[in-house]
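Asks:
Number of protein chains: 4
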Amino acid sequence: MQHGESNARIEPRRRAPWRDKWYRIIFESDTPAGRLFDVVLMVAIVLSVLTVFVESVRSIRFRFGSVLFGLEWAFTLLFSVEFALRIATAKRPMRYVFSFFGLVDILSILPTYLSLALPGSQYFLSVRSLRLLRAFRVFKLSKFLREANVLSTALLASGRKITVFLSTVSMLVVVIGSVMYMIEGEENGFTDIPTSIYWAIVTLTTVGYGDVSPHTPLGKTLASLVMILGYSIIAVPTGIVTVEMSQAKKRADAEKSCPQCGKTGHDLDARFCKHCGAAL
Amino acid sequence: MQHGESNARIEPRRRAPWRDKWYRIIFESDTPAGRLFDVVLMVAIVLSVLTVFVESVRSIRFRFGSVLFGLEWAFTLLFSVEFALRIATAKRPMRYVFSFFGLVDILSILPTYLSLALPGSQYFLSVRSLRLLRAFRVFKLSKFLREANVLSTALLASGRKITVFLSTVSMLVVVIGSVMYMIEGEENGFTDIPTSIYWAIVTLTTVGYGDVSPHTPLGKTLASLVMILGYSIIAVPTGIVTVEMSQAKKRADAEKSCPQCGKTGHDLDARFCKHCGAAL
Amino acid sequence: MQHGESNARIEPRRRAPWRDKWYRIIFESDTPAGRLFDVVLMVAIVLSVLTVFVESVRSIRFRFGSVLFGLEWAFTLLFSVEFALRIATAKRPMRYVFSFFGLVDILSILPTYLSLALPGSQYFLSVRSLRLLRAFRVFKLSKFLREANVLSTALLASGRKITVFLSTVSMLVVVIGSVMYMIEGEENGFTDIPTSIYWAIVTLTTVGYGDVSPHTPLGKTLASLVMILGYSIIAVPTGIVTVEMSQAKKRADAEKSCPQCGKTGHDLDARFCKHCGAAL
Amino acid sequence: MQHGESNARIEPRRRAPWRDKWYRIIFESDTPAGRLFDVVLMVAIVLSVLTVFVESVRSIRFRFGSVLFGLEWAFTLLFSVEFALRIATAKRPMRYVFSFFGLVDILSILPTYLSLALPGSQYFLSVRSLRLLRAFRVFKLSKFLREANVLSTALLASGRKITVFLSTVSMLVVVIGSVMYMIEGEENGFTDIPTSIYWAIVTLTTVGYGDVSPHTPLGKTLASLVMILGYSIIAVPTGIVTVEMSQAKKRADAEKSCPQCGKTGHDLDARFCKHCGAAL
Chain A
1 MQHGESNARI EPRRRAPWRD KWYRIIFESD TPAGRLFDVV LMVAIVLSVL
51 TVFVESVRSI RFRFGSVLFG LEWAFTLLFS VEFALRIATA KRPMRYVFSF
101 FGLVDILSIL PTYLSLALPG SQYFLSVRSL RLLRAFRVFK LSKFLREANV
151 LSTALLASGR KITVFLSTVS MLVVVIGSVM YMIEGEENGF TDIPTSIYWA
201 IVTLTTVGYG DVSPHTPLGK TLASLVMILG YSIIAVPTGI VTVEMSQAKK
251 RADAEKSCPQ CGKTGHDLDA RFCKHCGAAL
Chain B
281 MQHGESNARI EPRRRAPWRD KWYRIIFESD TPAGRLFDVV LMVAIVLSVL
331 TVFVESVRSI RFRFGSVLFG LEWAFTLLFS VEFALRIATA KRPMRYVFSF
381 FGLVDILSIL PTYLSLALPG SQYFLSVRSL RLLRAFRVFK LSKFLREANV
431 LSTALLASGR KITVFLSTVS MLVVVIGSVM YMIEGEENGF TDIPTSIYWA
481 IVTLTTVGYG DVSPHTPLGK TLASLVMILG YSIIAVPTGI VTVEMSQAKK
531 RADAEKSCPQ CGKTGHDLDA RFCKHCGAAL
Chain C
561 MQHGESNARI EPRRRAPWRD KWYRIIFESD TPAGRLFDVV LMVAIVLSVL
611 TVFVESVRSI RFRFGSVLFG LEWAFTLLFS VEFALRIATA KRPMRYVFSF
661 FGLVDILSIL PTYLSLALPG SQYFLSVRSL RLLRAFRVFK LSKFLREANV
711 LSTALLASGR KITVFLSTVS MLVVVIGSVM YMIEGEENGF TDIPTSIYWA
761 IVTLTTVGYG DVSPHTPLGK TLASLVMILG YSIIAVPTGI VTVEMSQAKK
811 RADAEKSCPQ CGKTGHDLDA RFCKHCGAAL
Chain D
841 MQHGESNARI EPRRRAPWRD KWYRIIFESD TPAGRLFDVV LMVAIVLSVL
891 TVFVESVRSI RFRFGSVLFG LEWAFTLLFS VEFALRIATA KRPMRYVFSF
941 FGLVDILSIL PTYLSLALPG SQYFLSVRSL RLLRAFRVFK LSKFLREANV
991 LSTALLASGR KITVFLSTVS MLVVVIGSVM YMIEGEENGF TDIPTSIYWA
1041 IVTLTTVGYG DVSPHTPLGK TLASLVMILG YSIIAVPTGI VTVEMSQAKK
1091 RADAEKSCPQ CGKTGHDLDA RFCKHCGAAL
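So the sequences go chain by chain: A, B, C and D.
Using the numbering used here, the first residue of the first sequence is number 1, and each one after it goes up by one.
Using the numbering used here, the first residue of the second sequence is number 281, and each one after it goes up by one.
Using the numbering used here, the first residue of the third sequence is number 561, and each one after it goes up by one.
Using the numbering used here, the first residue of the fourth sequence is number 841, and each one after it goes up by one.
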C-alpha cells in the first residue's frame, strides 16, 4: 500500500474518533468490519467491471441499455461515496489522492460523470475497466503480499540482465524487419518497415497471427531462421528468472544461524545445527 | 485412489468370500487376475472412446451408423456390469459412488441410457469421452504414482505464487483488452470488450490465432508490446516450477535416515542429524 | 554407433588386408583417409537431399527435369557403391544391414530403384529425404558425442515424469476437445470430436493456426482458459528437464574424490580438497 | 569494443594533442564530453532510423517526401563527418574501418550516396536501418557490459550442447516435412518439400501462422504429434541455458579470494583454499 499512512500515527490525536474508526474499516483489513468492507468492495468492483464488459456488446446494449445505464450510475455513486469517505478519513488526504490507488479511484468514477458533458464518447467509457486495478488492493492480505514480494524481488534483481536481453531483441527485430522488407516487398504484405518489424515481433515471440506472412522462398527461409531463433532465445529470460528465483528462495531458507558455530543454511524444520550438532 | 478402502479392512469379516475375491480383482492390481482385469478394462475404455470419436464424424456415422450403435450399447452394457460389480464388492459402496472415479463411472454409462429417453441429444453424447478419465486408474501402478506425486507436490508448493502470477495476468489482460477496444474499435474486429480481452489472452499466451488482429498503427504497436511482454513473463511460471521441482528432488535425494532417531530429510553435506544432533 | 563392430576385433584375422584398410576408412574417422571419406560422404548426402527438395518444386521439375534425373541416379549409384563397400568390409555384414544406419542406408537407395518398376510414384520418392538421417553419423565425432550423451541422459532420466506429464496432457486434450465439440458444434468448424481434439492440441501447445477457432462467447471463454493453462503448464516439462540437466552436470563435475578424506564435489580446477585441505 | 585501441597506448606519443582529445570524446565515454557525444549520437541514430521507418510508409512518403529527403541527407552528412573524425583520430584507422562497428558505420552512410548513382533503388535503402546496430555502442557503459558478459558467457558455454540440439531439430524438421509432403500432397497446400519443411518449422516452434495447415485426418494427427513434440522439447534449450547461467552466477558469487594465494573461485561452503590448502 503506497499511501504511507502508517508512520503518520505518531502525530497528536486531534482527529474525530469516527474518522479513526472508519479509517480502520476502509484502509485496513485486520478487523471483521474491515474485512467485510473489502469483500463488499471487491464484489462491487467485479460486478461494475462486468457491467462495462456487457455494455460494450452491441446486442446487449440495444436490449438492456436502460438497465445497464441505471447499474452504471449506481456503481458510480457507490464508488463516489467510497472515494469521499477515503478522502475524509485519510490522514494525509492529498497524499492518498495522488497515490497510485488514489488516481485509479478517480479514473474509476470520472468517465461516467464526463459522459454527461461529452455525450457519445462511448469508446472513452471503456477506461472504466481500469476499475479492476482497484482489486489489486486484495494483495494487502499478508500471505499473498509475501509471495508477491518474492516474485517482484526476483524480477527486479534480474532487471539489468532483462534490459540487455530486451535491447538485443529490439535491435534484432528492427534489423530482421528491414531485411524482410527488402526481400518480400510491398506486394507480399510487408507494406512498410514498421509493418515488417511488427511481423518480426509476431514471429520471434512465436505468436504467429498469420496476417502478414512471407511468400517468397528467400523470405520463408529467413522466417524459418527467425522462428528457430525465437524458439531458442526464449531460454534466456527463463534462465535469468529461474536463477534469480532460486537465489531468492535460498536466501529466505538460510536466514537462521547456529548459536554455537554461527553457520547458516539450515532447513526450515531443522532443530539442530547440521554443521556442529548444537541445538538451534 | 480416493475411495479409502484400505483402512476399512479392520472391520469384522462378515462379507462373502466371493466379494473379497472380486474386490481384489477389480479394485487392486497386485494379483495376475487384477492386472488382467485392468488391462482388459483399459482396452475397452480406449476402444469405446475411439467409437465415440468415430461416431462424431458425419460421413462415418452415415455409413456405419448401425454398427457403431451396436458397439456403443455393447460397451455401455459392459461398463454397466462392471459398475454393478464395483458397487457389489466395494466395502463402502456409497463412498465409492460419490468418489471421483465413481462419478466418472456413472458419467460413462448414463448418457447412452439417457439417449433412449431424450432422442436426438447427439451433442450431449460426447460427454462419454469423459470415459477416458477412467484410464487415470492406470496411475495406480506405483512407479508412476511416485512420479505423479513429485510433480503434484511441486505444483502445490508453488500454488500461492502461481495464484499471484495468474491474478496479475488476468488484470493485465482486462486492462490491455479495454485499451485495445478504445484504440481499434468495432470496425477492426474488436467488437466488444470481452472480444478484446479474448484477443489479449490469445496474444499474451503467444497462441496467436489471427481471427482478431490489430489494423491501426497504434494498435499494432501496443500488440507488439503485449507480445514481448508475454514472451518474457512466461519465464515466471517456469522459474517458479523449476525451483520447486529442484527442492522436491533434493528432498527426495536426502532421504538417508539418522542412525539414532531414524528421521530423514538431511542435506547432502550434513554431518550431524538436524533432528537429534547425533553424528550421521 | 550401433553396429557393435568393436568387440568383434578379438576374432582371428582371416580377413584380407584390404578389407581391414577399407573398414577403417569407411566405418571409423580417426585416420586422415577416414575423415576425408566422412566429409565427402556428408557433402554428397546434403547435395542429394537438396536435389530431392528441388525436384519436388513443380516449376523446377518441369524445366530441369532431365538434369535432376541424372543427378538423382548419380547419387543413387554412388550410395549403392558405398553400401556395397560397407557390406563387403563390415565384420558382421548382417548385423550392419539390420542396424539403424543399415536400414537408413537401404531406404536411401531403394526408392530410386523402385521408381523404375513403379513409375509415377512421385510422392513416395520423398522418402529419400531420410538420407539426411545418415548425416547423424557426424556425431561419431567424440566431442559432440559427449554433449549428445549428457542431453540424452537427462531426457531419459526424466522419461517417467515426462510420461506422466504427456498422459495428463493427452487426457486433458480429449476432455477439452469433447466439451468444446458440445459447446461450439459442427456449424462453427468443430465438425467432429477428432477435429475438436486437434483444435485443443493446437491451442494448448500455443501453436494457434486459427484454421479452427471458437465463435460463441462460451467457446471463447473456455478457449481462453485452455490458453492460460497451456501457457502455464509448459513450465512443467521445462522444470523437469532443467532439474535433470542440473543433476547430470553436477554428477559430471563431482567425479573426483579426495585421497585423504574421500569426499567429492570438487571443482574441475581444484588442486586441494576443499573439505580437509589435502592435495588432490 | 572490438577496435582494440587500449593496448596501442604504449606507443610513443607522436600524435597531435587534438587527436588524443577527440579520441577520448569519440571513442570513450568516461569524460563529460565523451558522455555528451554518446548521448547526442544515440539520439541522432534513433531519429535517423525513425526517418527510414516513416519514409517506407507510402502515404507519408507521398506527402512529406521532400522533408524526409532533406532529413535523410542531414543525417547522412552528420554521420559522414562523424565517420571522418573517427578515422582521423583512431590510433589504427584501418583496424577501426574493418572492425564490426567500422563496417556498420560505412553501411550507415553508403546507401544514401549510392542512391544518387542508382536512383529508384528504394528497397535497398532500408539497409540504413542497420544504423540501429550502432546503438549497441551504448553497451560500452560498464554496468551493462558486465551483465552482457554474463549472458554471452552462459550462451557460449552451452554452445556445443545447443549445436547438437539445433542439428537434431533441423533433421527432425526435414524428416517431418518430407513425410507430411507425402501425406498431404500438393492439393492441400504442401506444394513442395521446402514448403513442407517451412510448415514443420512453423509448427514445431509453436509459431503457427496457419498459411499452410493440414487437411487430411492423418496429416492432422501427425501435426498434433509435432506440436506436442515442439511444446516439450522447448524444455531442452531452456534447461541448457538455465544450468549454465546458474553456474555463471555461482562463479561470480564465489569470488572471495584466498588470504594466502589470493586466488578466487571457492565454493560457498569451502573452508580451505582449493588452490593452496590454506584455511579461508
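Note that CB positions come from ideal geometry on N, CA and C, so glycine has one too.
What you are looking at is a predicted structure, and each value in this text was computed from that prediction instead of being measured.
Can you give me the C-alpha to C-alpha distance between Ile106(A) and Ala884(D), rounded to a whole angstrom?
Replies: Distance between the alpha carbons of Ile106(A) and Ala884(D) is about 40 Å.
Asks: Chain C partners of Ala324(B), CB-CB under 7 Å?
Replies: Within 7 Å Cβ-Cβ: nothing; Ala324(B) doesn't reach chain C, min ~16 Å.
Asks: Give the C-beta separation of Ala1040(D) and Val1066(D) to the nearest angstrom, bearing in mind that I take them to be a contact with Cβ-Cβ under 8 Å.
Replies: The pair is a contact, with the Cβ atoms about 7 Å apart (cut-off 8 Å).
Asks: According to DSSP, is Ala288(B) part of a helix, a strand, or is it coil?
Replies: Caution applies to Ala288(B), whose pLDDT of 45 falls short of 50 and renders its modelled position unreliable; the model cannot decide the point.
Asks: Among Ala695(C), Leu692(C) and Leu601(C), which has the Cα closest to the Cα of Leu638(C)?
Replies: Minimum Cα distance to Leu638(C) is reached at Leu601(C).
Asks: Report the rounded CA-to-CA distance for Tyr303(B) versus Val430(B), giving the unit in angstroms.
Replies: Distance between the alpha carbons of Tyr303(B) and Val430(B): 29 Å.
Asks: Under 9 Å Cβ-Cβ, which residues of chain C neighbour Thr51(A)?
Replies: Under the 9 Å cutoff, chain C gives no residues; its nearest Cβ is about 16 Å from Thr51(A).
Asks: Is the Cβ-Cβ distance between Ser998(D) and Ile1074(D) less than 7 Å?
Replies: Going by C-beta atoms, Ser998(D) is not nearer than 7 Å to Ile1074(D).
Asks: Please return the same chain residues whose Cβ sits closer than 8 Å to the Cβ of Val173(A), not counting the five positions on each side in sequence.
Replies: Once the five neighbours on either side are set aside, the close Cβ partners of Val173(A) are Ile197, Ala200, Ile201 and Leu204.
Asks: Can you tell me where the alpha helix (DSSP H) holding Ala338(B) begins and where it ends?
Replies: It should be noted that the sequence gives Arg, not Ala, for residue 338(B). First-last of the alpha helix (DSSP H) with Arg338(B): Arg338 to Thr369.
Asks: Identify whether Phe1069(D) lies in helix, strand or coil by the three-state DSSP scheme.
Replies: The amino acid at residue 1069(D) is misidentified as Phe; the sequence shows Leu. Leu1069(D) falls in the helix class under three-state DSSP.
Asks: For Arg932(D), does the three-state DSSP call read helix, strand or coil?
Replies: Reduced to three states, the DSSP call for Arg932(D) is coil.
Asks: From Ser99(A) to Ala808(C), what distance separates their C-alpha atoms?
Replies: Cα to Cα, Ser99(A) sits roughly 50 Å from Ala808(C).
Asks: Is any beta-carbon of chain D found at less than 7 Å from that of Ser232(A)?
Replies: Output row for Ser232(A): interface = yes.
Asks: Where does Leu828(C) fall in DSSP's three states?
Replies: Residue confidence is low: Leu828(C) scores 48 on pLDDT, short of 50, so the model does not pin down where it sits. No coordinate-derived value is stated.
Asks: Can you confirm whether Thr728(C), when its beta carbon is compared against all beta carbons of chain D, has any partner nearer than 7 Å?
Replies: Chain D, which has no Cβ nearer than 7 Å to the Cβ of Thr728(C), makes this no.
Asks: Within the 7 Å Cβ cut-off, does Ile201(A) reach chain B?
Replies: So, interface residue.
Asks: Could you tell me how far apart the beta carbons of Val52(A) and Ile473(B) are, in whole angstroms, since I believe they sit closer than 8 Å?
Replies: So it is a contact: roughly 7 Å between Cβ atoms.
Asks: With three or more C-beta pairs closer than 8 Å as the rule, is the segment 59-76 of chain A touching the segment 487-498 of chain B?
Replies: Because the criterion of three Cβ pairs below 8 Å is not met, the segment 487-498 of chain B and the segment 59-76 of chain A do not touch.
Asks: Which full runs of the alpha helix (DSSP H) of 4+ residues lie inside the segment 870-900 of chain D, going along the chain?
Replies: List check, alpha helix (DSSP H) in window: 872-895.
Asks: Given Ala797(C), which residues of its chain have a CB within under 7 Å of its CB, disregarding the five upstream and five downstream residues?
Replies: Reading off the sequence, residue 797(C) comes out as Pro, not Ala. Excluding sequence neighbours, Pro797(C) sits near Ile722 and Phe725.
Asks: For chain B, find out if any of its Cβ atoms is closer than 7 Å to the Cβ of Thr238(A); answer yes or no.
Replies: Yes - at least one Cβ of chain B is within 7 Å of the one on Thr238(A).
Asks: May I ask you to report which of helix, strand or coil DSSP gives Pro1077(D)?
Replies: Three-state DSSP puts Pro1077(D) in a helix.
Asks: Could you check whether the segment 856-875 of chain D touches the segment 928-935 of chain D, counting it as contact only if at least three pairs of C-beta atoms, one from each stretch, sit closer than 8 Å?
Replies: Taking 8 Å as the limit for Cβ pairs, the verdict is that the segment 928-935 of chain D does touch the segment 856-875 of chain D.
Asks: Of all the residues that make up the segment 491-502 of chain B, which are near chain D by a beta-carbon distance shorter than 8 Å?
Replies: Per Cβ criterion, the list is empty.
Asks: Does Met742(C) get closer than 7 Å to chain B when you measure Cβ to Cβ?
Replies: True, the Cβ-Cβ gap to chain B drops below 7 Å.
Asks: Can you list the residues of chain A that Gly488(B) reaches, using a CB-CB cut of under 9 Å?
Replies: In chain order: Val202, Thr205, Thr206, Val207, Gly208, Tyr209 and Gly210.
Asks: Is the CB of Ser896(D) under 7 Å away from at least one CB in chain A?
Replies: Closer than 7 Å: yes.
Asks: Can you find a C-beta in chain A that's less than 7 Å from the C-beta of Tyr1038(D)?
Replies: Taking Cβ atoms only, chain A reaches closer than 7 Å to Tyr1038(D), which makes this a yes.
Asks: Using the rule of at least 16 other Cβ atoms within 10 Å of the residue's Cβ for burial, across every protein chain shown, is Ala223(A) buried or exposed?
Replies: By the 10 Å Cβ count, Ala223(A) comes out buried.
Asks: Taking just the CA atoms, how far does Ser409(B) sit from Tyr393(B)?
Replies: Going from the Cα of Tyr393(B) to the Cα of Ser409(B) covers about 15 Å.
Asks: Where does the unbroken alpha helix (DSSP H) through Pro297(B) begin, and where does it stop?
Replies: It spans Pro297 to Phe307 - the alpha helix (DSSP H) in which Pro297(B) sits, taken as one unbroken run.
Asks: Residues of chain D with CB under 8 Å from Val801(C), in chain order?
Replies: Neighbours of Val801(C) on chain D, chain order: Ala1075, Val1076, Thr1078 and Gly1079.
Asks: Taking 7 Å as the threshold (beta carbon to beta carbon), is Ser718(C) in contact with chain B?
Replies: Not closer than 7 Å to any Cβ of chain B, the Cβ of Ser718(C) fails to qualify, so no.
Asks: Classify Val1052(D) as helix, strand or coil using the three-state DSSP reduction.
Replies: If DSSP states are grouped into helix, strand and coil, Val1052(D) belongs with coil.
Asks: With DSSP collapsed to three states, give me the class of Thr1031(D).
Replies: Coil at Thr1031(D), not helix or strand.
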